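Residue numbers (the working numbering): 20 to 351. The structure appears below as C-alpha coordinates.
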(Lines of atoms letter the chains of each structure in order from A; the text may use other names.)
(Lines give C-alpha, C1' and ligand atoms only; values in the text may rest on other atoms or scores of the structure.)
Protein backbone atom coordinates (compact mmCIF):
# COMPACT_ATOMS: atom_id res chain seq x y z
CA UNK A 20 0.00 0.00 0.00
CA UNK A 21 1.43 3.38 -0.96
CA UNK A 22 2.05 6.14 1.54
CA UNK A 23 -0.41 8.34 -0.36
CA UNK A 24 -3.12 5.78 0.30
CA UNK A 25 -2.63 5.71 4.06
CA UNK A 26 -1.91 9.41 4.46
CA UNK A 27 -4.45 11.56 6.23
CA UNK A 28 -6.66 13.56 3.83
CA UNK A 29 -6.11 16.62 5.99
CA UNK A 30 -2.98 18.74 5.92
CA UNK A 31 -1.51 20.22 9.11
CA UNK A 32 -3.40 23.51 8.81
CA UNK A 33 -6.68 21.80 7.99
CA UNK A 34 -6.15 19.40 10.88
CA UNK A 35 -5.70 22.25 13.36
CA UNK A 36 -8.78 24.02 12.01
CA UNK A 37 -10.81 20.82 12.37
CA UNK A 38 -9.64 20.37 15.96
CA UNK A 39 -10.49 23.99 16.80
CA UNK A 40 -14.12 23.67 15.72
CA UNK A 41 -16.65 23.76 18.51
CA UNK A 42 -18.66 20.59 19.03
CA UNK A 43 -22.02 20.14 20.70
CA UNK A 44 -20.68 18.53 23.93
CA UNK A 45 -18.53 21.63 24.51
CA UNK A 46 -21.47 23.97 23.96
CA UNK A 47 -23.62 21.82 26.26
CA UNK A 48 -20.92 21.89 28.94
CA UNK A 49 -20.71 25.68 29.02
CA UNK A 50 -24.48 26.06 28.97
CA UNK A 51 -24.62 23.67 31.93
CA UNK A 52 -22.33 25.98 33.91
CA UNK A 53 -25.19 28.50 33.99
CA UNK A 54 -27.54 26.07 35.73
CA UNK A 55 -26.31 26.77 39.30
CA UNK A 56 -27.63 30.32 38.95
CA UNK A 57 -31.13 28.84 38.53
CA UNK A 58 -31.19 25.39 40.10
CA UNK A 59 -28.84 25.63 43.09
CA UNK A 60 -28.62 29.29 44.17
CA UNK A 61 -27.78 28.25 47.74
CA UNK A 62 -24.55 26.64 46.47
CA UNK A 63 -23.25 29.56 44.44
CA UNK A 64 -20.41 30.23 46.88
CA UNK A 65 -19.19 26.67 46.33
CA UNK A 66 -19.76 27.05 42.59
CA UNK A 67 -17.56 30.16 42.50
CA UNK A 68 -14.82 28.24 44.33
CA UNK A 69 -15.12 25.45 41.77
CA UNK A 70 -14.77 27.91 38.87
CA UNK A 71 -11.67 29.51 40.42
CA UNK A 72 -10.13 26.11 41.17
CA UNK A 73 -10.89 25.02 37.61
CA UNK A 74 -9.02 28.06 36.31
CA UNK A 75 -6.05 27.18 38.51
CA UNK A 76 -6.18 23.56 37.25
CA UNK A 77 -6.30 24.86 33.67
CA UNK A 78 -3.06 26.75 34.24
CA UNK A 79 -1.34 23.60 35.52
CA UNK A 80 -2.71 21.54 32.65
CA UNK A 81 -0.94 23.79 30.15
CA UNK A 82 2.45 22.84 31.55
CA UNK A 83 1.73 19.30 32.79
CA UNK A 84 -0.74 17.95 30.26
CA UNK A 85 0.68 19.64 27.17
CA UNK A 86 4.36 20.09 28.00
CA UNK A 87 5.07 17.33 30.51
CA UNK A 88 6.27 19.63 33.30
CA UNK A 89 5.31 18.17 36.67
CA UNK A 90 5.10 20.95 39.24
CA UNK A 91 4.67 20.61 42.99
CA UNK A 92 4.99 24.33 43.62
CA UNK A 93 2.43 25.84 41.26
CA UNK A 94 0.62 27.41 44.23
CA UNK A 95 3.47 29.93 44.41
CA UNK A 96 2.02 31.81 41.43
CA UNK A 97 -1.54 31.39 42.69
CA UNK A 98 -0.54 32.85 46.04
CA UNK A 99 1.42 35.72 44.51
CA UNK A 100 -1.68 36.72 42.56
CA UNK A 101 -3.82 36.38 45.68
CA UNK A 102 -1.53 38.57 47.80
CA UNK A 103 -1.11 41.14 45.03
CA UNK A 104 -4.86 41.68 44.76
CA UNK A 105 -5.22 41.61 48.55
CA UNK A 106 -2.47 44.15 49.20
CA UNK A 107 -3.81 46.49 46.52
CA UNK A 108 -7.22 46.37 48.18
CA UNK A 109 -5.77 46.86 51.65
CA UNK A 110 -3.81 49.88 50.46
CA UNK A 111 -6.97 51.50 49.09
CA UNK A 112 -7.44 50.16 45.55
CA UNK A 113 -10.10 47.44 45.48
CA UNK A 114 -11.14 47.69 41.82
CA UNK A 115 -11.36 44.02 40.72
CA UNK A 116 -10.34 44.13 37.05
CA UNK A 117 -7.18 46.16 37.59
CA UNK A 118 -6.49 43.89 40.55
CA UNK A 119 -6.54 40.93 38.16
CA UNK A 120 -4.19 42.76 35.82
CA UNK A 121 -1.74 43.56 38.62
CA UNK A 122 -1.85 39.96 39.85
CA UNK A 123 -1.21 38.68 36.32
CA UNK A 124 1.82 40.96 35.95
CA UNK A 125 3.39 40.02 39.29
CA UNK A 126 2.80 36.27 38.88
CA UNK A 127 3.86 36.42 35.23
CA UNK A 128 7.13 38.19 36.03
CA UNK A 129 7.99 35.65 38.70
CA UNK A 130 6.98 32.84 36.35
CA UNK A 131 9.21 34.27 33.63
CA UNK A 132 12.21 34.49 35.98
CA UNK A 133 11.77 30.96 37.30
CA UNK A 134 11.10 29.57 33.81
CA UNK A 135 14.80 29.90 32.97
CA UNK A 136 15.53 27.29 35.65
CA UNK A 137 12.50 25.10 34.95
CA UNK A 138 13.25 24.90 31.20
CA UNK A 139 16.63 23.26 31.83
CA UNK A 140 15.55 20.32 33.96
CA UNK A 141 13.24 17.34 33.60
CA UNK A 142 11.78 14.51 35.66
CA UNK A 143 12.83 14.18 39.33
CA UNK A 144 15.10 17.24 39.35
CA UNK A 145 12.26 19.34 37.96
CA UNK A 146 9.85 18.09 40.63
CA UNK A 147 12.31 19.02 43.36
CA UNK A 148 12.97 22.46 41.85
CA UNK A 149 9.29 23.36 41.56
CA UNK A 150 8.69 22.10 45.09
CA UNK A 151 11.57 24.24 46.31
CA UNK A 152 10.22 27.31 44.55
CA UNK A 153 6.87 26.87 46.29
CA UNK A 154 8.41 26.35 49.72
CA UNK A 155 10.73 29.35 49.36
CA UNK A 156 7.88 31.66 48.37
CA UNK A 157 5.66 30.44 51.21
CA UNK A 158 8.40 30.90 53.80
CA UNK A 159 9.24 34.34 52.40
CA UNK A 160 5.60 35.36 52.81
CA UNK A 161 5.58 33.98 56.33
CA UNK A 162 8.75 35.88 57.24
CA UNK A 163 7.29 39.10 55.85
CA UNK A 164 4.37 38.94 58.25
CA UNK A 165 4.34 42.71 58.62
CA UNK A 166 3.15 42.84 54.99
CA UNK A 167 1.30 39.56 54.50
CA UNK A 168 -0.14 39.12 57.98
CA UNK A 169 1.69 35.81 58.41
CA UNK A 170 -0.36 32.92 59.77
CA UNK A 171 -3.13 35.33 60.77
CA UNK A 172 -3.80 36.18 57.13
CA UNK A 173 -4.12 39.53 55.41
CA UNK A 174 -6.68 41.79 57.03
CA UNK A 175 -8.59 44.74 55.59
CA UNK A 176 -9.32 43.37 52.10
CA UNK A 177 -12.37 44.96 50.49
CA UNK A 178 -13.35 44.48 46.85
CA UNK A 179 -15.19 47.26 45.05
CA UNK A 180 -18.19 46.76 42.81
CA UNK A 181 -17.50 45.41 39.31
CA UNK A 182 -17.80 48.33 36.85
CA UNK A 183 -19.11 50.26 39.86
CA UNK A 184 -22.43 48.38 39.56
CA UNK A 185 -22.26 44.74 40.64
CA UNK A 186 -21.55 44.26 44.33
CA UNK A 187 -20.17 41.00 45.71
CA UNK A 188 -23.21 39.81 47.66
CA UNK A 189 -23.42 37.21 50.41
CA UNK A 190 -25.35 34.78 48.18
CA UNK A 191 -22.60 34.46 45.60
CA UNK A 192 -24.44 35.55 42.43
CA UNK A 193 -21.82 38.15 41.51
CA UNK A 194 -18.91 36.00 42.67
CA UNK A 195 -19.98 33.03 40.55
CA UNK A 196 -20.77 35.14 37.49
CA UNK A 197 -17.42 36.91 37.83
CA UNK A 198 -15.44 33.69 38.28
CA UNK A 199 -17.29 31.89 35.49
CA UNK A 200 -16.78 34.76 33.05
CA UNK A 201 -13.06 34.86 33.83
CA UNK A 202 -12.78 31.09 33.44
CA UNK A 203 -14.56 31.11 30.10
CA UNK A 204 -12.53 33.97 28.61
CA UNK A 205 -9.20 32.46 29.66
CA UNK A 206 -10.35 29.03 28.49
CA UNK A 207 -10.94 30.50 25.03
CA UNK A 208 -7.34 31.74 24.97
CA UNK A 209 -5.98 28.39 26.17
CA UNK A 210 -8.11 26.50 23.66
CA UNK A 211 -6.87 28.63 20.79
CA UNK A 212 -3.29 28.18 22.01
CA UNK A 213 -3.44 24.39 22.25
CA UNK A 214 -5.03 24.12 18.78
CA UNK A 215 -2.20 26.08 17.17
CA UNK A 216 1.25 25.11 15.85
CA UNK A 217 2.63 26.23 19.21
CA UNK A 218 0.33 23.74 20.93
CA UNK A 219 1.53 20.95 18.64
CA UNK A 220 5.13 21.89 19.50
CA UNK A 221 4.30 21.60 23.20
CA UNK A 222 2.94 18.09 22.65
CA UNK A 223 6.13 17.21 20.82
CA UNK A 224 8.21 18.45 23.76
CA UNK A 225 6.07 16.38 26.11
CA UNK A 226 6.62 13.22 24.06
CA UNK A 227 10.31 13.62 23.19
CA UNK A 228 12.27 16.75 24.06
CA UNK A 229 15.49 15.49 22.51
CA UNK A 230 13.86 14.82 19.17
CA UNK A 231 12.18 18.23 19.10
CA UNK A 232 15.56 19.84 19.78
CA UNK A 233 17.14 17.74 17.03
CA UNK A 234 14.67 19.01 14.41
CA UNK A 235 15.43 22.60 15.38
CA UNK A 236 12.50 23.46 17.62
CA UNK A 237 13.31 26.10 20.28
CA UNK A 238 12.27 23.86 23.16
CA UNK A 239 13.61 26.08 25.95
CA UNK A 240 11.82 29.12 24.55
CA UNK A 241 8.56 27.20 24.19
CA UNK A 242 8.79 25.89 27.76
CA UNK A 243 9.53 29.37 29.10
CA UNK A 244 6.60 30.83 27.17
CA UNK A 245 4.00 28.30 28.32
CA UNK A 246 5.35 28.31 31.89
CA UNK A 247 5.03 32.10 32.06
CA UNK A 248 1.52 31.92 30.64
CA UNK A 249 0.57 29.26 33.19
CA UNK A 250 1.94 31.48 35.98
CA UNK A 251 -0.15 34.41 34.71
CA UNK A 252 -3.34 32.33 34.70
CA UNK A 253 -2.58 30.93 38.15
CA UNK A 254 -2.04 34.48 39.45
CA UNK A 255 -5.40 35.57 38.03
CA UNK A 256 -7.09 32.61 39.73
CA UNK A 257 -5.48 33.56 43.04
CA UNK A 258 -6.61 37.17 42.68
CA UNK A 259 -10.16 36.02 41.95
CA UNK A 260 -10.17 33.97 45.14
CA UNK A 261 -9.02 36.97 47.17
CA UNK A 262 -11.57 39.28 45.58
CA UNK A 263 -14.54 36.93 45.99
CA UNK A 264 -13.72 35.90 49.58
CA UNK A 265 -12.05 39.16 50.68
CA UNK A 266 -9.42 37.17 52.50
CA UNK A 267 -5.99 35.69 51.76
CA UNK A 268 -3.69 33.54 53.86
CA UNK A 269 -0.48 31.54 53.62
CA UNK A 270 -2.60 28.55 52.65
CA UNK A 271 -2.89 30.04 49.16
CA UNK A 272 0.88 29.53 48.75
CA UNK A 273 1.10 26.17 50.50
CA UNK A 274 2.12 22.76 49.25
CA UNK A 275 -1.36 21.44 50.00
CA UNK A 276 -2.88 23.65 47.33
CA UNK A 277 -0.27 22.53 44.80
CA UNK A 278 -0.99 18.90 45.67
CA UNK A 279 -4.74 19.41 45.47
CA UNK A 280 -4.64 20.87 41.98
CA UNK A 281 -2.40 18.01 40.85
CA UNK A 282 -4.95 15.52 42.21
CA UNK A 283 -7.69 17.43 40.41
CA UNK A 284 -5.90 17.02 37.09
CA UNK A 285 -5.29 13.32 37.69
CA UNK A 286 -8.98 12.81 38.47
CA UNK A 287 -10.20 14.79 35.45
CA UNK A 288 -7.50 13.84 32.95
CA UNK A 289 -4.42 15.75 31.81
CA UNK A 290 -3.80 17.24 28.41
CA UNK A 291 -7.48 17.79 27.62
CA UNK A 292 -8.26 21.30 28.99
CA UNK A 293 -11.67 20.10 30.13
CA UNK A 294 -10.02 17.57 32.44
CA UNK A 295 -9.10 20.26 34.94
CA UNK A 296 -12.61 21.72 34.80
CA UNK A 297 -14.34 18.37 35.32
CA UNK A 298 -11.80 17.33 37.94
CA UNK A 299 -12.29 20.56 39.89
CA UNK A 300 -16.06 20.05 40.00
CA UNK A 301 -15.78 16.41 41.11
CA UNK A 302 -13.05 17.08 43.67
CA UNK A 303 -14.65 20.17 45.21
CA UNK A 304 -18.11 18.61 45.47
CA UNK A 305 -16.62 15.40 46.90
CA UNK A 306 -14.59 17.40 49.42
CA UNK A 307 -17.66 19.38 50.44
CA UNK A 308 -19.73 16.24 50.95
CA UNK A 309 -17.02 14.17 52.63
CA UNK A 310 -16.03 16.97 55.01
CA UNK A 311 -19.68 17.31 55.95
CA UNK A 312 -19.88 13.61 56.80
CA UNK A 313 -16.62 13.53 58.75
CA UNK A 314 -14.77 16.82 59.27
CA UNK A 315 -11.66 15.10 60.67
CA UNK A 316 -11.09 12.21 58.29
CA UNK A 317 -12.55 13.37 54.99
CA UNK A 318 -9.15 13.05 53.25
CA UNK A 319 -9.50 9.29 53.72
CA UNK A 320 -12.38 9.27 51.23
CA UNK A 321 -10.53 11.61 48.88
CA UNK A 322 -7.63 9.14 48.95
CA UNK A 323 -9.95 6.25 48.08
CA UNK A 324 -11.41 8.29 45.23
CA UNK A 325 -7.94 9.01 43.86
CA UNK A 326 -6.89 5.35 44.12
CA UNK A 327 -10.06 4.22 42.33
CA UNK A 328 -9.58 6.71 39.50
CA UNK A 329 -5.91 5.81 38.99
CA UNK A 330 -6.61 2.06 39.01
CA UNK A 331 -9.79 2.04 36.94
CA UNK A 332 -9.32 5.16 34.80
CA UNK A 333 -5.56 5.81 34.44
CA UNK A 334 -6.25 8.64 31.98
CA UNK A 335 -8.79 10.30 34.26
CA UNK A 336 -12.54 10.67 33.94
CA UNK A 337 -12.37 12.24 30.49
CA UNK A 338 -9.92 9.60 29.33
CA UNK A 339 -12.30 6.87 30.47
CA UNK A 340 -15.23 8.59 28.80
CA UNK A 341 -13.26 8.93 25.56
CA UNK A 342 -12.37 5.23 25.64
CA UNK A 343 -16.01 4.30 26.25
CA UNK A 344 -17.14 6.41 23.28
CA UNK A 345 -14.55 4.76 21.04
CA UNK A 346 -15.76 1.29 22.04
CA UNK A 347 -19.37 2.23 21.41
CA UNK A 348 -18.47 3.55 17.96
CA UNK A 349 -16.53 0.38 17.19
CA UNK A 350 -19.54 -1.77 18.06
CA UNK A 351 -22.00 0.32 16.04
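Just so you know, even glycine gets a beta-carbon here, dropped at the ideal spot from N, CA and C. Since this is a predicted model, take the numbers as computed values, not measurements.
Nearest-angstrom Cα separation, counted from residue j out to residue i
i: residue 100; j: residue 71; result: 13 Å
i: residue 4; j: residue 283; result: Because the chain is modelled from 20 through 351, residue 4 falls outside the range shown and cannot be assessed.
i: residue 275; j: residue 314; result: 17 Å
i: residue 58; j: residue 296; result: 20 Å
i: residue 110; j: residue 272; result: 21 Å
i: residue 39; j: residue 175; result: 44 Å
i: residue 52; j: residue 198; result: 11 Å
i: residue 133; j: residue 245; result: 12 Å
i: residue 265; j: residue 342; result: 42 Å
i: residue 127; j: residue 248; result: 7 Å
i: residue 200; j: residue 48; result: 14 Å
i: residue 310; j: residue 60; result: 21 Å
Span of the alpha helix (DSSP H), counted from its first residue to its last, around residue i
i: residue 319; result: 317 to 331
i: residue 302; result: 293 to 312
i: residue 197; result: 192 to 213
i: residue 237; result: Neither: residue 237 is in no alpha helix (DSSP H) and is coded neither H nor E.
i: residue 218; result: 216 to 226
i: residue 107; result: 94 to 109
Backbone secondary structure at residue i - three-state DSSP
i: residue 89; result: coil
i: residue 185; result: strand
i: residue 54; result: coil
i: residue 124; result: helix
i: residue 60; result: helix
i: residue 149; result: helix
i: residue 141; result: coil
i: residue 165; result: helix
i: residue 179; result: coil
Counterpart residues of residue i in DSSP-defined beta bridges
i: residue 173; result: 267
Count the CB pairs spanning the stretch 162 to 181 and the stretch 246 to 255 that are closer than 8 Å, and state whether there are at least three.
-> Output reads no: the stretch 246 to 255 does not touch the stretch 162 to 181.
On the three-pair Cβ rule with 8 Å, is the stretch 146 to 160 touching the stretch 85 to 97?
-> Taking 8 Å as the limit for Cβ pairs, the verdict is that the stretch 85 to 97 does touch the stretch 146 to 160.
Can we say the stretch 174 to 192 touches the stretch 284 to 303, given the rule of at least three CB pairs closer than 8 Å?
-> Contact between the stretch 174 to 192 and the stretch 284 to 303 is absent, because fewer than three Cβ pairs lie under 8 Å.
Do the stretch 187 to 206 and the stretch 70 to 86 make contact, defined as three or more Cβ pairs closer than 8 Å?
-> In short, these stretches touch, since the Cβ pair count reaches three.
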